[in-house]
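Participant: Please see the structure below; I have some questions.
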Amino acid sequence: MQEARIANTFFRLVGFCSRCKAVGNNYETNDRNPEFEPNPTLTKYRKHDLGTLFGTYHQVEVIGTQEQFQRLLPEFEVPKNRKFDSIYGIIRAGDELKVRVDEQRIEFDPLQQSK
Numbered sequence: 576m577q578e579a580r581i582a583n584t585f586f587r588l589v590g591f592c593s594r595c596k597a598v599g600n601n602y603e604t605n606d607r608n609p610e611f612e613p614n615p616t617l618t619k620y621r622k623h624d625l626g627t628l629f630g631t632y633h634q635v636e637v638i639g640t641q642e643q644f645q646r647l648l649p650e651f652e653v654p655k656n657r658k659f660d661s662i663y664g665i666i667r668a669g670d671e672l673k674v675r676v677d678e679q680r681i682e683f684d685p686l687q688q689s690k
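Structure representation (structure tokens):
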């Protein structure tokens with residue numbers, strides 16, 4: 576379990592994602608890098624049994640009420656600078672980020688990278 580909260584917006588880790596090939600496109604010339612860079616380079620450092628991992632997918636939920644916030648996140652103080660009757664989660668510069676993580680790490684074996 577990996578979760579984060581900013582104000583009344585809650586993010587839950589859903590899974591890992593690989594690097595998209597679209598970053599190898601030159602949109603000014605409409606050409607694709609023939610070596611598909613940066614994917615081959617990233618593969619040397621981010622290779623895993625699950626693929627070439629580069630990022631994560633998160634489910635985003637807006638916490639609608641103070642009661643719901645206290646039930647979901649009892650160890651965190653309820654933000655006082657947010658309206659809880661909105662369907663929108665608003666994140667502002669300077670908002671505090673709080674994270675909850677159960678130890679679940681993905682290890683990258685540098686010896687495996689060269690295979």
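Going by the numbering used here, the sequence shown opens with residue 576, and the numbers climb by one from there.
Just so it is clear, CB atoms sit at the ideal spot from N, CA and C, and this is done for glycine as well.
Being a predicted model, the structure only gives us computed values, none of them experimental.
Give every residue of the same chain whose Cβ lies closer than 6 Å to the Cβ of V674, excluding the five residues on either side of it in the sequence, and list them in chain order.
Facilitator: These residues qualify, in order along the chain: A579.
Participant: Based on the DSSP secondary-structure assignment, which residues constitute the bridge partners of A579?
Facilitator: F586, V674.
Participant: Between which two residues does the beta strand (DSSP E) harbouring D629 extend?
Facilitator: At residue 629 the sequence reads Phe, which differs from the Asp that was named. Residues 626-637.
Participant: Please tell me whether T627 and N614 are closer than 8 Å, where the distance is taken between their beta carbons.
Facilitator: Going by C-beta atoms, T627 is nearer than 8 Å to N614.
Participant: Note down the Cα distance separating F683 from Y620, rounded to an integer number of angstroms.
Facilitator: Reliability of the predicted coordinates at F683 is poor, the pLDDT of 49 falling under 50, and the value obtained from them is presented with this limitation in mind. Going from the Cα of F683 to the Cα of Y620 covers about 8 Å.
Participant: Quick one: what does DSSP say N614 is sitting in, helix, strand or coil?
Facilitator: Residue state, collapsed to three classes: helix.
Participant: Can you give the Cα-Cα distance for F585 and D624, rounded to whole angstroms?
Facilitator: C-alpha separation (whole angstroms): 29 Å.
Participant: Could you give the DSSP three-state label for R646: helix, strand or coil?
Facilitator: Reduced to three states, the DSSP call for R646 is helix.
Participant: For the putative contact between F611 and T640, defined by C-beta atoms under 8 Å, what is the C-beta separation to the nearest angstrom?
Facilitator: Not quite, the Cβ-Cβ distance comes to about 47 Å (not below 8 Å), so this is no contact.
Participant: With a Cβ-Cβ cutoff of 8 Å, do G599 and N608 count as a contact?
Facilitator: Closer than 8 Å, so yes.
Participant: Reducing DSSP to helix, strand and coil, say where K619 ends up.
Facilitator: Three-state result, K619: helix.
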